[in-house]
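Scroll down for the structure; my scribbles are underneath it.
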Amino acid sequence: MFGKWNLKWKKPGRRATAAFGIVAILAAVCIGFTGCRSENNADEKIRDLDFTVIGENEIPAELADIIAQKREKPFKLTYADGSDMYIVVGEGPQKGGGFSVAVKELYVTENSIVIRTELIGPEKDEASGADMSYPVLVVKTQFMEEPVVFR
């Protein structure tokens, strides 16, 4: 039984079904490898967004309370009050002082707002101390409906 390959099909429709299956698999592989894909411009920058980094005394009271509750762990959030939107990045506890969070980019894409930040440590000659610090960045910009993507 297994000694010879019997290439004859019992039913005439099986050969056509098998051939169709092989062609379908080859077509799927070709489509996958030839890059039959749509252009994804969702991450493409349309324009930079104007913003202001605000100090502790300029933060709305409700937002300041939220930041105080979340500061023990790294966090990212947005807050809106009327025509303004606040984008907040907290880096959690850092040993010593001299840490800050900097905005690398803030821009609008087709369907989102993207913010790219960086934690900056103290300078080598700067005394860091033994106390914990909680670096937080609060960016104020115009209110927009698009979701914020943190990078």
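Residue numbers for the sequence shown follow my numbering, so the first one is 506 and each next one is one higher. From the three backbone atoms N, C-alpha and C, an ideal C-beta is built for every residue, glycine too.
For residue i, does the three-state DSSP call read helix, strand or coil?
| i | result |
| --- | --- |
| P640 | coil |
| Q647 | strand |
| T522 | helix |
| E563 | helix |
| L531 | helix |
Here's a check: name, in chain order, each residue in its chain whose Cβ is nearer than 7 Å to the Cβ of residue i, leaving out the five neighbours to either side.
| i | result |
| --- | --- |
| L697 | Outside the shown range of the chain, which is 506 to 656, sits residue 697, and nothing can be said about it. |
| S638 | Q599, G601, G602, F604 |
In whole angstroms, what separates the C-alpha of residue i from that of residue j?
| i | j | result |
| --- | --- | --- |
| Y584 | I551 | 23 Å |
| C541 | L531 | For C541, the predicted structure reports a pLDDT of 48, less than 50, and the residue's modelled location is therefore unreliable. The matter cannot be settled from this model. |
| P598 | Q574 | 13 Å |
| G587 | A566 | 15 Å |
| F604 | P652 | 28 Å |
| P640 | D548 | 28 Å |
| I527 | P579 | 52 Å |
Have a look at the DSSP bridge pairing and note the partners of residue i.
| i | result |
| --- | --- |
| L568 | According to DSSP, L568 bridges with nothing at all. |
| F580 | G595 |
Less than 6 Å between C-beta atoms, sequence neighbours within five positions excluded: which residues of the same chain meet that for residue i?
| i | result |
| --- | --- |
| V654 | S617, V619 |
| K581 | V594, F655 |
Report back the beta-carbon spacing between residue i and residue j to the nearest angstrom; my notes put them in contact at under 8 Å.
| i | j | result |
| --- | --- | --- |
| V608 | V558 | 7 Å |
| L624 | E596 | 5 Å |
Of all the CB atoms in chain C, is at least one closer than 8 Å to the CB of residue i?
| i | result |
| --- | --- |
| Y612 | No chain C is part of this structure, which consists of one protein chain only. |
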